[in-house]
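As they're listed, the protein sequences go chains A and B. Heads up, the first sequence is in the working numbering, so the first residue is 10 and it goes up one at a time. Heads up, the second sequence is in the working numbering, so the first residue is 10 and it goes up one at a time. Comments concern the structure below.
There are 2 protein chains.
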Amino acid sequence: MAKFLTNKEENYAQWYNDLVIKADLAENSAVRGCMVIKPYGYAIWEKIQAELDRMFKATGHVNAYFPLFIPKSFFSKEAKHVEGFAKECAIVTHYRLKKDESGKGLIVDPASKLEEELIVRPTSETIIWNSYKNWIQSYRDLPILINQWANVVRWEMRTRLFLRTAEFLWQEGHTAHATSEEAVEETERMLGVYSDFAENFMALPVIKGYKSENERFAGAIDTYTIEAIMQDGKALQAGTSHFLGQNFAKAFDVQFTDKTGKLDYVWATSWGLSTRMIGALIMAHSDNNGLVLPPRLAPIQVVIVPIYKNPEQLETISVAARNIKSTLEAQGISVKYDDRDTNKPGWKFANYELKGVPVRIAIGPRDIENSTVEIARRDTLTKETIPINGIEAHIGRLLDDIQKNIYLKASEFRKANTFSVDKWDDFINILDNQGGFIMAHWDGTAETEEKIKEETKATIRCIPFDAPEEEGKCIYSGKPSKRRVLFARSY
Amino acid sequence: MAKFLTNKEENYAQWYNDLVIKADLAENSAVRGCMVIKPYGYAIWEKIQAELDRMFKATGHVNAYFPLFIPKSFFSKEAKHVEGFAKECAIVTHYRLKKDESGKGLIVDPASKLEEELIVRPTSETIIWNSYKNWIQSYRDLPILINQWANVVRWEMRTRLFLRTAEFLWQEGHTAHATSEEAVEETERMLGVYSDFAENFMALPVIKGYKSENERFAGAIDTYTIEAIMQDGKALQAGTSHFLGQNFAKAFDVQFTDKTGKLDYVWATSWGLSTRMIGALIMAHSDNNGLVLPPRLAPIQVVIVPIYKNPEQLETISVAARNIKSTLEAQGISVKYDDRDTNKPGWKFANYELKGVPVRIAIGPRDIENSTVEIARRDTLTKETIPINGIEAHIGRLLDDIQKNIYLKASEFRKANTFSVDKWDDFINILDNQGGFIMAHWDGTAETEEKIKEETKATIRCIPFDAPEEEGKCIYSGKPSKRRVLFARSY
Numbered sequence: 010m011a012k013f014l015t016n017k018e019e020n021y022a023q024w025y026n027d028l029v030i031k032a033d034l035a036e037n038s039a040v041r042g043c044m045v046i047k048p049y050g051y052a053i054w055e056k057i058q059a060e061l062d063r064m065f066k067a068t069g070h071v072n073a074y075f076p077l078f079i080p081k082s083f084f085s086k087e088a089k090h091v092e093g094f095a096k097e098c099a100i101v102t103h104y105r106l107k108k109d110e111s112g113k114g115l116i117v118d119p120a121s122k123l124e125e126e127l128i129v130r131p132t133s134e135t136i137i138w139n140s141y142k143n144w145i146q147s148y149r150d151l152p153i154l155i156n157q158w159a160n161v162v163r164w165e166m167r168t169r170l171f172l173r174t175a176e177f178l179w180q181e182g183h184t185a186h187a188t189s190e191e192a193v194e195e196t197e198r199m200l201g202v203y204s205d206f207a208e209n210f211m212a213l214p215v216i217k218g219y220k221s222e223n224e225r226f227a228g229a230i231d232t233y234t235i236e237a238i239m240q241d242g243k244a245l246q247a248g249t250s251h252f253l254g255q256n257f258a259k260a261f262d263v264q265f266t267d268k269t270g271k272l273d274y275v276w277a278t279s280w281g282l283s284t285r286m287i288g289a290l291i292m293a294h295s296d297n298n299g300l301v302l303p304p305r306l307a308p309i310q311v312v313i314v315p316i317y318k319n320p321e322q323l324e325t326i327s328v329a330a331r332n333i334k335s336t337l338e339a340q341g342i343s344v345k346y347d348d349r350d351t352n353k354p355g356w357k358f359a360n361y362e363l364k365g366v367p368v369r370i371a372i373g374p375r376d377i378e379n380s381t382v383e384i385a386r387r388d389t390l391t392k393e394t395i396p397i398n399g400i401e402a403h404i405g406r407l408l409d410d411i412q413k414n415i416y417l418k419a420s421e422f423r424k425a426n427t428f429s430v431d432k433w434d435d436f437i438n439i440l441d442n443q444g445g446f447i448m449a450h451w452d453g454t455a456e457t458e459e460k461i462k463e464e465t466k467a468t469i470r471c472i473p474f475d476a477p478e479e480e481g482k483c484i485y486s487g488k489p490s491k492r493r494v495l496f497a498r499s500y
Numbered sequence: 010m011a012k013f014l015t016n017k018e019e020n021y022a023q024w025y026n027d028l029v030i031k032a033d034l035a036e037n038s039a040v041r042g043c044m045v046i047k048p049y050g051y052a053i054w055e056k057i058q059a060e061l062d063r064m065f066k067a068t069g070h071v072n073a074y075f076p077l078f079i080p081k082s083f084f085s086k087e088a089k090h091v092e093g094f095a096k097e098c099a100i101v102t103h104y105r106l107k108k109d110e111s112g113k114g115l116i117v118d119p120a121s122k123l124e125e126e127l128i129v130r131p132t133s134e135t136i137i138w139n140s141y142k143n144w145i146q147s148y149r150d151l152p153i154l155i156n157q158w159a160n161v162v163r164w165e166m167r168t169r170l171f172l173r174t175a176e177f178l179w180q181e182g183h184t185a186h187a188t189s190e191e192a193v194e195e196t197e198r199m200l201g202v203y204s205d206f207a208e209n210f211m212a213l214p215v216i217k218g219y220k221s222e223n224e225r226f227a228g229a230i231d232t233y234t235i236e237a238i239m240q241d242g243k244a245l246q247a248g249t250s251h252f253l254g255q256n257f258a259k260a261f262d263v264q265f266t267d268k269t270g271k272l273d274y275v276w277a278t279s280w281g282l283s284t285r286m287i288g289a290l291i292m293a294h295s296d297n298n299g300l301v302l303p304p305r306l307a308p309i310q311v312v313i314v315p316i317y318k319n320p321e322q323l324e325t326i327s328v329a330a331r332n333i334k335s336t337l338e339a340q341g342i343s344v345k346y347d348d349r350d351t352n353k354p355g356w357k358f359a360n361y362e363l364k365g366v367p368v369r370i371a372i373g374p375r376d377i378e379n380s381t382v383e384i385a386r387r388d389t390l391t392k393e394t395i396p397i398n399g400i401e402a403h404i405g406r407l408l409d410d411i412q413k414n415i416y417l418k419a420s421e422f423r424k425a426n427t428f429s430v431d432k433w434d435d436f437i438n439i440l441d442n443q444g445g446f447i448m449a450h451w452d453g454t455a456e457t458e459e460k461i462k463e464e465t466k467a468t469i470r471c472i473p474f475d476a477p478e479e480e481g482k483c484i485y486s487g488k489p490s491k492r493r494v495l496f497a498r499s500y
């Protein structure tokens with residue numbers, strides 16, 4: 010079989026990059042830090058979008074669209090937000106090009122300078138709350154439960170396909186509420202949606218928790234996160250939901266009259282999930298043969314490859330293959346029949362393994378004689394021969410089983426790579442030699458957190474919701490602590 | 010009934026703007042020329058997207074995503090494209106903000122000036138063909154059939170919600186082919202998709218035709234268009250499909266080896282349809298009571314309003330209403346039951362008329378006694394009382410009938426406002442006093458076209474595909490002509 014990839018045990022970063030390129034998911038573009046999401050990668054994003062959009066609507070949200078550009082002055086309005094976002098960003102300063110003196114090239118027309126520069130949105134709280142100001146007068150106008158599917162730009166210096174790019178695609182929810190309780194409930198609800206999506210669709214076990222103050226969204230009172238472990242033992246933040254309190258309402262002067270006739274500022278949440286999740290999907294499950302996609306997000310769930318020596322054989326096999334295809338499609342299973350004559354079966358097998366298609370069906374002349382097919386599953390790389398009769402039930406069960414198995418494997422990996430650590434030496438040793446999730450005591454101060462980060466590059470990924478109360482001593486300072494928090498190096 | 014809108018007979022432009030605002034479709038934002046698409050307007054766009062996306066995929070296309078930014082130099086590569094697009098555009102020149110001396114405001118960091126400015130895409134031919142260069146070596150790599158859903162920016166000076174905004178949403182198809190014939194076929198196929206969509210979903214009769222050279226897309230060999238008439242007699246270009254020849258392949262040096270081993274430049278098409286179509290939808294069908302939405306694109310197809318005097322009545326009515334709702338939803342019909350106690354039925358009736366909901370069901374105590382409901386259709390504003398028993402079949406037929414009727418009405422309007430004109434005086438007279446589509450002879454020169462435009466503001470909307478050959482004299486120059494072309498003032 011063709012060898013497409015660097016071994017992940019040899020060079021994990023190179024393995025990841027090879028995989029993204031060779032599986033035709035994305036590539037770098039001519040614009041520094043911006044990627045091209047190729048059709049196969051975009052098809053995964055479409056699957057992610059469809060499921061999340063369904064879940065958002067089922068929880069009462071509607072979609073809308075706000076401008077790409079944000080006036081520079083908006084960023085200064087929320088004191089902490091400006092620290093976090095008004096730094097590395099794309100700034101529009103002019104609105105016209107003209108020909109240069111040679112008449113062939115183009116220059117920026119100096120006469121077209123904007124009075125106020127526009128920032129390409131890195132996130133949309135400011136422009137959205139500036140709109141909400143006009144939408145909200147009374148408690149009757151609340152809640153507002155809006156989501157936006159959009160592109161955003163953050164001028165990242167070091168970029169990696171899907172994981173960190175200057176432009177990326179995401180959804181951002183922005184909700185407005187009459188009470189603090191309702192906004193906190195919404196923040197929790199949406200983290201629940203993300204965690205449900207991660208576990209049941211991405212087959213990605215996640216730890217739900219609070220971010221420490223240092224790691225909070227700029228402008229949030231509280232940030233909830235789901236954290237997943239990758240196969241190199243690093244953590245990846247897979248989705249965040251923020252309780253914004255009244256910060257943005259105050260910054261944009263959004264007040265409402267409550268039921269008692271009293272004026273108050275509106276309570277807010279925001280929550281987002283991006284194309285970064287495709288990076289997580291790749292890094293959590295894939296192997297040295299290529300992608301391993303959970304069936305529920307696989308653009309192609311089943312591929313059928315004919316094995317033949319002459320056109321007559323192909324013709325007979327094609328009749329059976331097309332029957333199987335339509336039988337499976339009737340069950341809502343997506344199927345590709347690859348009868349291209351330009352590539353041999355062995356090449357096709359390797360190619361669909363690279364692309365992570367969960368189930369491969371091979372049909373040869375002997376299968377036709379016996380009314381059987383050979384089935385290979387991508388997750389375990391095992392094969393079996395089954396009768397064509399009843400194939401739809403078999404494949405349906407198989408896809409469910411693969412989905413569960415991928416989740417189980419990732420859960421077991423996480424279990425094997427999560428350590429409860431009490432000594433600083435062990436803490437460093439684990440980070441340097443094997444990686445993984447470390448549950449350790451922390452004294453609750455930003456100062457200690459900073460020092461741990463400086464010395465080890467590990468950060469507090471979250472304070473897990475379900476961390477039991479337990480007396481202990483901070484792994485770094487030795488000061489008292491009431492519960493363990495999750496440390497890891499991260500993407 | 011509440012009067013929400015300016016009469017369209019009094020001030021069509023004001024009526025349109027009132028309608029967009031009052032029906033909660035969109036509003037202007039704090040950023041000049043950029044709109045906020047509100048949830049109800051965005052829901053219509055989601056319907057449009059879903060149908061078009063289905064049609065694109067059924068014709069073999071896949072989605073992908075290319076960068077928002079395009080290096081300035083890319084625009085100079087195609088000689089005509091630069092004339093059309095590298096003018097009024099948003100230009101990114103810097104990538105960092107820093108605090109000003111006061112420490113509160115923000116300024117652009119001069120040290121962050123980009124070596125080459127980036128243009129926010131007004132259309133993506135250049136960045137896409139720059140990518141295709143690496144994707145295409147042989148005829149085996151062709152065709153490439155890609156579509157992108159994206160936001161684009163054109164720095165328009167005079168903007169109108171949906172019709173002309175600095176930022177808008179659209180889809181842009183970009184295909185690559187081995188032969189000219191195949192590319193032309195694709196250009197025709199996609200115009201067919203647009204015209205099918207316009208007529209069968211938007212209930213908008215369109216005229217398919219070629220653009221004159223003056224009106225072609227910058228960089229195209231040929232532009233095909235669908236043109237629709239609005240209720241003020243002006244034309245609106247509702248979708249275009251371009252045969253680009255080898256222009257972009259030559260500009261970006263994209264060559265392939267054909268079956269005989271010969272090197273040739275790749276053939277291209279592009280085609281796009283935007284949120285402008287929501288403007289067309291509004292202007293083609295709506296009336297002085299508000300929106301009239303064709304059922305196939307209506308976010309809410311049926312609204313149920315309870316008529317009651319006390320909570321007991323509401324309770325009884327609600328049971329019936331919820332039954333009807335689930336019966337209709339089981340048929341794939343989208344239904345809203347509005348039992349809010351904050352507004353009276355009369356207000357609700359007017360509000361759903363404003364919002365263009367195709368069918369309204371009212372249920373009062375007497376209806377409950379008789380097992381009937383009152384049904385009102387939005388297009389004709391007529392009412393009837395029908396039995397609840399069998400309501401799903403009745404509503405299903407009614408929605409089909411409304412869809413057809415809206416199309417028919419628009420067709421009749423177009424017929425009544427299309428004029429075959431042979432005299433210059435009549436030409437001017439019609440344009441100035443009633444508006445409409447004018448079929449007239451033209452000598453085929455750009456010069457005449459320009460002069461007609463200068464003197465009357467009318468342009469050649471298209472040379473209809475089905476224009477019969479007919480000897481005649483140019484309406485302006487008197488020179489010989491072989492067929493009539495379509496003139497109109499336009500949006």
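Ideal Cβ placement from N, Cα and C applies to all residues, glycine included.
Review point. Within the present structure, is the beta-carbon of Ala52 (chain B) separated from the nearest heavy atom of the ligand NAP by less than 7 Å?
Key: Summarising the ligand content, the structure contains no ligands, and the ligand NAP is consequently not present.
Check your understanding: How would you list, in chain order, the residues of chain B whose beta-carbon sits under 8 Å from the beta-carbon of Ser85 (chain A)?
Key -> Under the 8 Å cutoff, chain B gives Lys113, Gly114, Leu115.
**Study point:** For Ala120 (chain A) and Lys107 (chain A), the rounded distance between their alpha carbons
**Key:** Distance between the alpha carbons of Lys107 (chain A) and Ala120 (chain A) is about 10 Å.
Review point. Mind checking Arg167 (chain B): buried by the 16 CB within 10 Å criterion, or exposed?
Key: Around the beta carbon of Arg167 (chain B), fewer than 16 other beta carbons lie within 10 angstroms, which makes this residue exposed.
Check your understanding: So which residues of chain A does Thr351 (chain B) contact, with C-beta pairs closer than 9 Å?
Key -> In chain order: Arg149.
Exercise for review: May I have the straight-line CA-CA distance separating Met10 (chain B) from Leu390 (chain B), to the nearest angstrom?
Suggested key: Unreliable placement is indicated for Met10 (chain B), whose pLDDT of 44 sits below 50; no coordinate value is reported for it.
Review point. Measuring CA to CA, which of B:Ala371, B:Glu222, B:Thr394 is closest to Glu456 (chain B)?
Key: For the residues B:Ala371, B:Glu222, B:Thr394, the minimum Cα distance to Glu456 (chain B) belongs to B:Glu222.
Point to revise | Phe13 (chain A) versus Glu393 (chain A): straight-line alpha-carbon distance, rounded | key: Inter-residue distance for Phe13 (chain A) and Glu393 (chain A) is about 25 Å (C-alpha atoms, whole angstroms).
**Study point:** the region 69-102 of chain A: positions lying closer than 8 Å to chain B by Cβ
**Key:** The residues in question are Val71, Asn72, Ala73, Tyr74, Phe75, Pro76, Leu77, Phe78, Ile79, Pro80, Lys81, Ser82, Phe83, Phe84, Ser85, Val91, Ala95, Lys96, Glu97, Cys98, Ala99, Ile100, Val101, Thr102.
Check your understanding: With distances taken between CB atoms, is the gap from Thr249 (chain A) to Gly281 (chain A) smaller than 8 Å?
Key -> Contact: yes.
**Study point:** Bounding residues of the alpha helix (DSSP H) (the contiguous stretch that carries Trp356 (chain A))
**Key:** Here the alpha helix (DSSP H) through Trp356 (chain A) covers 354-363.
Point to revise | Members of the region 205-238 of chain B near chain A, C-beta cut-off 8 Å | key: Listed in sequence order: no entries.
Point to revise | Burial state of Gly299 (chain A) (16 or more Cβ within 10 Å) | key: Flag for Gly299 (chain A) reads buried.
Check your understanding: Looking at chain A, which residues of the region 46-61 of chain B have a Cβ within less than 9 Å of any of its Cβ atoms?
Key -> For the region 46-61 of chain B, the set of residues with a beta-carbon nearer than 9 Å to any beta-carbon of chain A comprises Ile46, Lys47, Pro48, Tyr49, Gly50, Tyr51, Ala52, Trp54, Glu55, in chain order.
**Study point:** Buried/exposed call for Pro304 (chain B), threshold 16 Cβ in 10 Å
**Key:** When all chains shown are included, Pro304 (chain B) counts as buried.
Check your understanding: Per DSSP, which one or two residues make a beta bridge with Cys471 (chain A)?
Key -> In the DSSP secondary-structure assignment, Cys471 (chain A) is bridged to A:Leu495.
Exercise for review: Starting from His103 (chain A), trace the beta strand (DSSP E) both ways and give me its first and last residue.
Suggested key: That run of the beta strand (DSSP E) goes 97-108.
Practice item. Sort B:Gly487, B:Lys122, B:Cys483, B:Glu321 by Cα distance to Leu495 (chain B) and report the nearest one. Key: Proximity to Leu495 (chain B) across B:Gly487, B:Lys122, B:Cys483, B:Glu321 peaks at B:Cys483, based on C-alpha coordinates.
Check your understanding: Can Val162 (chain B) and Cys98 (chain B) be called in contact, C-beta distance under 8 Å?
Key -> Closer than 8 Å, so yes.
**Study point:** chain A contact for Tyr104 (chain B) (CB, 8 Å cutoff)
**Key:** Interface residue, yes.
Check your understanding: Is the distance from the Cβ of Pro2 (chain B) to the Cβ of Tyr485 (chain B) below 8 Å?
Key -> Given that chain B is displayed from residue 10 to residue 500, the structure contains no residue 2 (chain B) and the question cannot be resolved.
Review point. If the cut is a Cβ gap below 9 Å, which residues of chain B does Ala39 (chain A) touch?
Key: Under the 9 Å cutoff, chain B gives Pro76, Ile79, Pro80, Phe83, Ile136, Asn139, Ser140.
Check your understanding: What distance in whole Å lies between the Cβ atoms of Phe75 (chain B) and Val45 (chain A), which are believed to be in contact at a cut-off of 8 Å?
Key -> Confirmed, Cβ separation roughly 5 Å.
Review point. Contact check, Leu253 (chain B) vs Ser279 (chain B) under 8 Å by CB: the rounded distance?
Key: Contact flag correct, Cβ pair sits at about 6 Å.
**Study point:** Min CB distance Val263 (chain B) to chain A below 8 Å
**Key:** Not an interface residue.
Exercise for review: With a threshold of 16 other CB atoms inside 10 Å of the CB of Ser133 (chain A), please say whether the residue is buried or exposed.
Suggested key: It counts as buried.
Check your understanding: Are Ile404 (chain B) and Val311 (chain B) closer than 8 Å when you measure CB to CB?
Key -> Yes, the Cβ-Cβ distance between Ile404 (chain B) and Val311 (chain B) is below 8 Å.
Exercise for review: Leaving out five residues on either side along the sequence, give the residues of the same chain with a beta carbon under 8 Å from the beta carbon of Asp511 (chain A).
Suggested key: The structure shown does not extend to residue 511 (chain A), since chain A spans only 10 to 500, so no value can be given for it.
Check your understanding: According to the Cβ coordinates, are Asn72 (chain B) and Tyr51 (chain A) closer than 8 Å?
Key -> Tyr51 (chain A) is positioned such that its CB atom lies closer than 8 Å to that of Asn72 (chain B).
Check your understanding: Any idea if Pro80 (chain A) is buried or exposed, counting beta-carbon neighbours within 10 angstroms, 16 or more meaning buried?
Key -> Of the other Cβ atoms in all chains shown, 16 or more fall within 10 Å of the Cβ of Pro80 (chain A); this residue is therefore buried.
Point to revise | Contact between the region 253-266 of chain B and the region 85-92 of chain B (3+ Cβ pairs under 8 Å) | key: Taking 8 Å as the limit for Cβ pairs, the verdict is that the region 85-92 of chain B does touch the region 253-266 of chain B.
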